[in-house]
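Just so you know, the protein sequences line up as chains A and B, in that order.
The opening position of the first sequence corresponds to residue 473 in my numbering, with each subsequent residue numbered one higher.
The opening position of the second sequence corresponds to residue 272 in my numbering, with each subsequent residue numbered one higher.
For each residue, glycine too, the CB sits at the ideal point set by N, CA and C.
Note that the structure is predicted; figures quoted are calculated from it, not measured.
Take a look at the structure set out below.
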Amino acid sequence: SQQGEEDPQALSIQEGENATMNCSYKTSINNLQWYRQNSGRGLVHLILIRSNEREKHSGRLRVTLDTSKKSSSLLITASRAADTASYFCATVLTTDSWGKLQFGAGTQVVVTP
Amino acid sequence: GAGVSQSPSNKVTEKGKDVELRCDPISGHTALYWYRQSLGQGLEFLIYFQGNSAPDKSGLPSDRFSAERTGGSVSTLTIQRTQQEDSAVYLCASSFGTGRSYEQYFGPGTRLTVT
Numbered sequence: 473s474q475q476g477e478e479d480p481q482a483l484s485i486q487e488g489e490n491a492t493m494n495c496s497y498k499t500s501i502n503n504l505q506w507y508r509q510n511s512g513r514g515l516v517h518l519i520l521i522r523s524n525e526r527e528k529h530s531g532r533l534r535v536t537l538d539t540s541k542k543s544s545s546l547l548i549t550a551s552r553a554a555d556t557a558s559y560f561c562a563t564v565l566t567t568d569s570w571g572k573l574q575f576g577a578g579t580q581v582v583v584t585p
Numbered sequence: 272g273a274g275v276s277q278s279p280s281n282k283v284t285e286k287g288k289d290v291e292l293r294c295d296p297i298s299g300h301t302a303l304y305w306y307r308q309s310l311g312q313g314l315e316f317l318i319y320f321q322g323n324s325a326p327d328k329s330g331l332p333s334d335r336f337s338a339e340r341t342g343g344s345v346s347t348l349t350i351q352r353t354q355q356e357d358s359a360v361y362l363c364a365s366s367f368g369t370g371r372s373y374e375q376y377f378g379p380g381t382r383l384t385v386t
């Protein structure tokens with residue numbers, strides 16, 4: 473079974489609106505990462521947040537991490553049509569020495585002009 | 272600089288045939304990972320290389336799957352006697368250092384279809 477579960481499974485918004493998606497996980501983590509995937513091919517890394525961090529920003533992206541609730545959220549502000557993609561959270565477990573990513577099922581985001 | 276490259280981009284094979292998938296990581300990245308993505312199973316880890324050795328093979332689904340890495344660079348994933356359930360997109364990623372605390376850079380993937 474997958475380590476992470478994402479909510480919602482799909483999200484449809486208009487340009488300029490904010491998009492928020494959530495990720496929950498089951499086991500203690502070293503870090504949590506968010507990736508974007510266009511057209512079902514390669515993934516692009518967005519943000520890495522470590523277990524001792526609570527919030528990180530990168531451009532229009534804001535990620536929060538609550539280790540007590542084993543959850544993270546990704547906020548995309550002022551969305552654009554180009555943000556249309558699938559977004560995945562992925563965790564690296566505390567017990568893992570090599571950094572293998574355990575992915576959630578993903579959130580499909582559609583941004584309409 | 273160049274990103275991670277994979278070849279072929281698409282592969283259609285008949286059930287029972289062997290296939291080889293290739294990954295060229297980013298130069299200088301010692302950590303290399305293989306994942307696969309399928310409709311039923313989502314994104315799954317297959318194998319991890321540090322240099323030429325594979326300390327974590329825990330994700331390989333059966334002994335029909337094997338991988339090697341030579342010269343600390345190019346990696347090949349081989350699937351023997353392919354089955355229809357092997358149909359998926361196979362993704363390769365590389366990372367700096369041991370990979371544990373670093374982002375992974377993904378290639379565009381190889382779409383494998385077993386008929």
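If you check each beta-carbon in the stretch 523-544 of chain A against every beta-carbon of chain B, none falls closer than 9 Å.
At a cut-off of 8 Å between C-beta atoms, B:Glu-374 counts as an interface residue with respect to chain A. In the same chain as B:Arg-340, and ignoring 5 residues on each side of it, the C-beta atoms closer than 7 Å to its own belong to Leu-303, Phe-320, Asn-323, Ser-346, in chain order. Secondary structure note for B:Asn-281: its beta strand (DSSP E) is the uninterrupted segment 281-284. Annotated as proximal: B:Ala-359 and B:Leu-383, with beta-carbon spacing under 8 Å. Taking a cut-off of 8 Å on C-beta distances, the stretch 557-569 of chain A touches the stretch 486-502 of chain A, as three or more cross pairs fall below it. Taking one beta carbon from each stretch, the stretch 475-489 of chain A and the stretch 538-552 of chain A have 3 or more pairs nearer than 8 Å; the two touch. Judged by their CB atoms, B:Ile-350 and B:Phe-336 are nearer to each other than the 8 Å cut-off.
Interface with chain A (8 Å Cβ-Cβ cutoff): B:Leu-362 is included. The beta carbon of A:Asn-490 sits no closer than 8 Å to any beta carbon of chain B.
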